[in-house]
Amino acid sequence: DTGVSQDPRHKITKRGQNVTFRCDPISEHNRLYWYRQTLGQGPEFLTYFQNEAQLEKSRLLSDRFSAERPKGSFSTLEIQRTEQGDSAMYLCASLSGRTYTGELFFGEGSRLTVL
Amino acid sequence: SQQGEEDPQALSIQEGENATMNCSYKTSINNLQWYRQNSGRGLVHLILIRSNEREKHSGRLRVTLDTSKKSSSLLITASRAADTASYFCATVDSSGGSNYKLTFGKGTLLTVNP
């Protein structure tokens, strides 16, 4: 399978715990995006990378959130001291860097439930 | 923040009927895309229309774009039960240059009854 993969698919945690999600993009795609989606809403942009550089962060990304893409390949999204309001689907997507245009390829998402 | 607003929020039709969903947006765009999402799954790209295009077809899909009204429509013809999903429009702001990111609407939930 050469699509975008995300891990874990589901995570249940208690309030105050830290969680980390991983995204492996399509191998030749050098742009990687994180979105968050709550029930009944569309995806909301969180941040994106070009290779290892984080180019933009949304105001939604509070200081409890950190995203990295250390070698320009996979990316991690960490949420520290989780709150119930963090419960959502976290979606990763990648984009071919040849033209920086076109469609985003999404993974299946990581669903977070904070109890 | 979400750029697009889809209309209707929910649509229920019978198999074989056509389904039309509309999207309105606020800023000047580079392109507009439609995505589909099955419940609990990731998004799948359906079709992209550029700001200088007015209509595009792909199989049973037809997309129109009216930049003067800042609106787009997605038509699915001869719907099937398997078309049941949420449909989202997403726009790319024209002012971004290489800053390429999609801003999504809230989606239309389409139910096709067999």
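First to last, the protein sequences are chains A and B. Per the numbering used here: the first sequence = residues 1416 to 1530. Per the numbering used here: the second sequence = residues 2 to 115. Virtual Cβ for every residue (Gly too), placed ideally from N, Cα, C.
Residue-level contact to chain A via CB, residue i, 8 Å cutoff
i: Leu66 (chain B); result: no
i: Lys102 (chain B); result: yes
i: Leu44 (chain B); result: yes
i: Lys57 (chain B); result: no
i: Gly60 (chain B); result: no
Beta-carbon spacing of residue i, residue j below 8 Å
i: Leu1499 (chain A); j: Arg1430 (chain A); result: Before going on, a small fix: residue 1499 (chain A) reads as Gln here, not Leu. Going by C-beta atoms, Gln1499 (chain A) is nearer than 8 Å to Arg1430 (chain A).
i: Thr1453 (chain A); j: Ala1508 (chain A); result: no
i: Ile14 (chain B); j: Val113 (chain B); result: yes
i: Thr78 (chain B); j: Asn19 (chain B); result: yes
i: Ser1490 (chain A); j: Phe1464 (chain A); result: yes
i: Ser80 (chain B); j: Ser29 (chain B); result: no
i: His1444 (chain A); j: Leu1510 (chain A); result: yes
i: Glu1518 (chain A); j: His58 (chain B); result: no
C-beta neighbour in chain B for residue i, strict 8 Å
i: Glu1471 (chain A); result: yes
i: Tyr1505 (chain A); result: no
i: Pro1458 (chain A); result: yes
i: Leu1510 (chain A); result: yes
i: Glu1443 (chain A); result: no
i: Leu1519 (chain A); result: yes
i: Thr1516 (chain A); result: yes
Residue i - containing beta strand (DSSP E), residue span
i: Asn32 (chain B); result: Ile30 to Gln38
i: Tyr1463 (chain A); result: Glu1459 to Gln1465
i: Asn23 (chain B); result: Ala20 to Ser25
i: Asn114 (chain B); result: Thr109 to Asn114
i: Val45 (chain B); result: Leu44 to Arg51
Helix, strand or coil at residue i [DSSP, three-state]
i: Ser1442 (chain A); result: coil
i: Ser96 (chain B); result: helix
i: Gln1499 (chain A); result: helix
i: Asp84 (chain B); result: helix
i: Lys1426 (chain A); result: strand
i: Asp1478 (chain A); result: coil
i: Lys70 (chain B); result: coil
| Closer than 9 Å, Cβ to any Cβ of chain A: which residues of the stretch 9 to 36 of chain B, in chain order? | Hits within the stretch, in order: Gln10, Asn31, Asn32, Gln34 and Tyr36.
| request: Could you list the residues in the stretch 1476 to 1488 of chain A with a C-beta less than 9 Å from some C-beta on chain B, going in chain order? | output: So nothing in the stretch comes that close.
| field | Residues within the stretch 1424 to 1456 of chain A neighbouring chain B, beta-carbon criterion of under 9 Å | value | Going along the stretch 1424 to 1456 of chain A in chain order, one finds Arg1446, Tyr1448, Tyr1450, Gln1452, Gly1455 and Gln1456 with a Cβ nearer than 9 Å to chain B.
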